[in-house]
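Number of protein chains: 2
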Amino acid sequence: MSAKEVVAAYWAAADARDWETFGSLVAGDMLYEAPQTRERVRGRAAYLRFNADGFPGDWHIEVDRITGGERDAASLIRFSDADGTQSGVCFFELGADGLITRITDFWPDPYEPPANRAGLTERY
Amino acid sequence: MSAKEVVAAYWAAADARDWETFGSLVAGDMLYEAPQTRERVRGRAAYLRFNADGFPGDWHIEVDRITGGERDAASLIRFSDADGTQSGVCFFELGADGLITRITDFWPDPYEPPANRAGLTERY
Numbered sequence: 020m021s022a023k024e025v026v027a028a029y030w031a032a033a034d035a036r037d038w039e040t041f042g043s044l045v046a047g048d049m050l051y052e053a054p055q056t057r058e059r060v061r062g063r064a065a066y067l068r069f070n071a072d073g074f075p076g077d078w079h080i081e082v083d084r085i086t087g088g089e090r091d092a093a094s095l096i097r098f099s100d101a102d103g104t105q106s107g108v109c110f111f112e113l114g115a116d117g118l119i120t121r122i123t124d125f126w127p128d129p130y131e132p133p134a135n136r137a138g139l140t141e142r143y
Numbered sequence: 020m021s022a023k024e025v026v027a028a029y030w031a032a033a034d035a036r037d038w039e040t041f042g043s044l045v046a047g048d049m050l051y052e053a054p055q056t057r058e059r060v061r062g063r064a065a066y067l068r069f070n071a072d073g074f075p076g077d078w079h080i081e082v083d084r085i086t087g088g089e090r091d092a093a094s095l096i097r098f099s100d101a102d103g104t105q106s107g108v109c110f111f112e113l114g115a116d117g118l119i120t121r122i123t124d125f126w127p128d129p130y131e132p133p134a135n136r137a138g139l140t141e142r143y
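Going down the list, the protein sequences come from chains A and B.
First residue of the first sequence: 20, per the numbering used here; consecutive thereafter.
First residue of the second sequence: 20, per the numbering used here; consecutive thereafter.
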């Protein structure tokens with residue numbers, strides 16, 4: 020599988036709560052980091068707990084796009100739950116065996132643009 | 020140039036305020052969108068104005084990583100100015116001529132993680 024295909028399978032498994040498939044796509048010593056919260060998770064077992072237990076409630080993931088090369092990729096998803104829909108961006112690194120070794124995760128929230136840009140953009 | 024190389028040249032030109040090179044990398048009818056603010060800029064001329072005038076002060080861009088395929092890519096950068104350093108994520112689409120046709124831009128801010136994840140992650 021290409022890096023893009025691995026990432027597509029990762030999100031499909033997450034959305035299906037298929038933690039066995041999900042775990043089979045990440046390396047045993049994988050590293051997850053969320054720079055916004057400075058959260059870090061080390062290793063497949065801890066990462067499975069984080070995903071299975073860290074996001075309670077009923078949620079759904081829709082993949083907006085995936086781009087990637089031989090051993091890396093990035094995805095843009097929409098995470099929807101009872102609170103609404105949130106965009107999520109992940110960067111992935113893969114090992115030579117095709118397993119995901121590193122995930123860097125971002126959740127960008129809406130904000131108001133600075134006043135000086137008002138004449139330079141449209142709003143939608 | 021590969022999509023990754025085009026994106027590397029795009030950030031180098033932005034950091035150098037080399038708007039001529041910067042403009043030569045984007046299509047005349049390019050589309051920029053920032054989903055967090057719902058800002059949109061259409062076309063090369065407006066996009067050059069947005070970049071030259073929308074970000075006043077002295078700033079510096081450092082590329083953390085770029086991933087990409089034939090006609091798309093994503094970048095993670097650090098934007099530093101007098102206010103500090105901010106991570107930025109962009110997704111790029113390129114045309115068959117190698118010019119950037121579409122940019123989707125995210126600026127994820129720090130936030131506090133929910134309490135239920137405390138036992139599931141380390142903090143760094």
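For glycine and all other residues, C-beta sits at the position ideal for the given N, C-alpha and C.
Predicted, not measured: the structure shown is a model, and the values here were computed from it.
| Item | Value |
| --- | --- |
| Glycine 13 of chain A, enclosing beta strand (DSSP E) - first and last residue | As displayed, chain A neither begins before 20 nor continues past 143, which places residue 13 of chain A out of reach and without an answer. |
| Beta-carbon spacing of alanine 137 of chain B, glycine 87 of chain B below 9 Å | no |
| Alanine 65 of chain B, DSSP secondary structure in three states | helix |
| Three-state class that DSSP yields for leucine 113 of chain B in the structure shown | strand |
| The ligand FMN heavy atom lying under 8 Å from the CB of aspartate 116 of chain B | Ligands in the displayed structure: none, and consequently the ligand FMN is not present. |
| Coarse secondary structure for glutamate 131 of chain A, derived from DSSP in three states | coil |
| Cα-Cα separation, aspartate 37 of chain A to isoleucine 119 of chain B | 37 Å |
| 7 Å Cβ cut-off: residues of chain A touching leucine 160 of chain B | The first residue shown for chain B is 20 and the last is 143, placing residue 160 of chain B beyond what the model contains. |
| Own chain partners of glutamate 89 of chain A with C-beta closer than 7 Å, once the 5 adjacent residues on each side are dropped | Ala22 |
| Within-9 Å CB hit, alanine 93 of chain B to chain A | yes |
| Aspartate 34 of chain A - containing alpha helix (DSSP H), residue span | 22-34 |
| Buried or exposed by the 16-neighbour rule on C-beta atoms within 10 Å, applied to aspartate 91 of chain A | buried |
| Bounding residues of the beta strand (DSSP E) (the contiguous stretch that carries threonine 120 of chain A) | 119-125 |
| Contacts that glutamine 55 of chain B makes with chain A (C-beta to C-beta distance below 9 Å) | Ser106, Pro127, Asp128, Pro129, Tyr130, Pro132 |
| Glutamate 52 of chain A burial status per 10 Å Cβ neighbour count (16 or more: buried) | buried |
| Integer Cβ distance of proline 127 of chain B from glutamine 55 of chain A, believed to fall under 8 Å | 5 Å |
| Alpha-carbon spacing of threonine 104 of chain A relative to phenylalanine 98 of chain A, whole angstroms | 6 Å |
| Distance between leucine 139 of chain A and valine 114 of chain A (C-alpha atoms, nearest Å) | According to the sequence provided, residue 114 of chain A is glycine. The question's valine does not apply to it. Distance between the alpha carbons of glycine 114 of chain A and leucine 139 of chain A: 43 Å. |
| Local conformation of threonine 40 of chain B per DSSP, three classes | helix |
| Residues that DSSP places opposite threonine 104 of chain B in a beta bridge | B/Ser99 |
| Residues that DSSP places opposite tyrosine 51 of chain B in a beta bridge | B/Val60, B/Ile122 |
| Coil, strand or helix - arginine 136 of chain A by DSSP | helix |
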